[in-house]
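Have a look at the structure below, then the notes.
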C-alpha cells in the first residue's frame, strides 16, 4: 500500500549508492545474494532467540534488496538478476514466520501457518498477474523500474517489513500480530483476484 509512495523518497539515495557500488565493480547479483544471506541469518537469529539481532539483519536484507536494483540500473539489468531478486525475496518472506514457529512451536506455529498461507495467496495473485501482464504487454513504473509487473495491493513490501520488525521487537506478541497480518494479506490477495479477473 505504501511502496509506491515511498519510492520517491528512497530511490534517489539508493540510486546514488548503487552507482558507487557499480563503479567499484560490485555486481547486482552479488548484492542480491549478500542480502539473502542476511535474511537467512535473521531467520537463524530468531531460532536462537536473538530477535534484536534478527531485526538488524532484516534491515540489512531490505537495504540490499533496494541496492541490487540500483546497481543493476547503473550497470546492466539482466533477466537472471530479476529472477534471483524475486525468488530470493519470497524465500526470505517465508523464512521469517517459519523461524518464529520453530522458536516457539506451541505459541507460534498455528499463527505462522496462517501467515504463510496468506503469503502463498498473495504471491500467487501477484506472480500470476505478472505472467499475464507480460503476455499482454502491460507496464508500470509505480513501484520503480522492475523486471516484472508489480501489481500493488493492501499488503506490500513496506507493510511486511514493518510487521517483521514488530515480530522482532515484540516476540511475545508474534501470534496476534501474525493473525492480524494474515487477515490483511488474505484481503489483499482477494482484492487482487477480483480486480485482475475483471481486467482480464
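In the working numbering, the protein residues as written are 146 to 345.
Even for Gly, the Cβ is constructed at its ideal location relative to N, Cα and C.
Only a predicted model underlies this, so the values are computations on that prediction, with no experimental measurement involved.
Coarse secondary structure for residue i, derived from DSSP in three states
| i | result |
| --- | --- |
| residue 359 | Coverage of the chain is limited to positions 146 through 345, which leaves residue 359 absent and any answer about it impossible. |
| residue 334 | helix |
| residue 221 | coil |
| residue 249 | coil |
| residue 232 | helix |
| residue 345 | coil |
| residue 318 | helix |
| residue 329 | helix |
| residue 301 | coil |
| residue 176 | helix |
| residue 214 | helix |
| residue 169 | coil |
| residue 278 | helix |
Residue i to residue j span [Cα, whole Å]
| i | j | result |
| --- | --- | --- |
| residue 294 | residue 240 | Per-residue confidence for residue 294 stands at a pLDDT of 47, beneath the threshold of 50, marking its modelled position as unreliable; the derived number appears in the next sentence. Spanning the two alpha carbons is a distance of roughly 24 Å. |
| residue 162 | residue 302 | 21 Å |
| residue 331 | residue 158 | 33 Å |
| residue 230 | residue 178 | 9 Å |
| residue 257 | residue 233 | 19 Å |
| residue 182 | residue 336 | 33 Å |
| residue 270 | residue 304 | 17 Å |
| residue 322 | residue 175 | 33 Å |
| residue 316 | residue 195 | 10 Å |
| residue 160 | residue 221 | 14 Å |
| residue 311 | residue 267 | 20 Å |
| residue 216 | residue 202 | 20 Å |
| residue 272 | residue 165 | 32 Å |
| residue 200 | residue 223 | 30 Å |
| residue 204 | residue 345 | 37 Å |
| residue 327 | residue 314 | 19 Å |
| residue 309 | residue 245 | 10 Å |
| residue 188 | residue 249 | 13 Å |
| residue 225 | residue 167 | 17 Å |
| residue 186 | residue 237 | 10 Å |
| residue 197 | residue 227 | 30 Å |
Whole-number beta carbon distance between residue j and residue i, since they are thought to touch under 8 Å
| i | j | result |
| --- | --- | --- |
| residue 318 | residue 253 | Contact doesn't hold; Cβ gap of about 11 Å is too wide. |
| residue 192 | residue 255 | In fact, because the Cβ distance is near 18 Å, the residues do not count as touching under 8 Å. |
| residue 180 | residue 206 | 5 Å |
Q) Taking three-plus beta-carbon pairs below 8 Å as touching, is the segment 195 to 215 in contact with the segment 255 to 266? A) no
**Q.** At least three beta-carbon pairs within less than 8 Å, the segment 266 to 283 to the segment 327 to 345
**A.** yes
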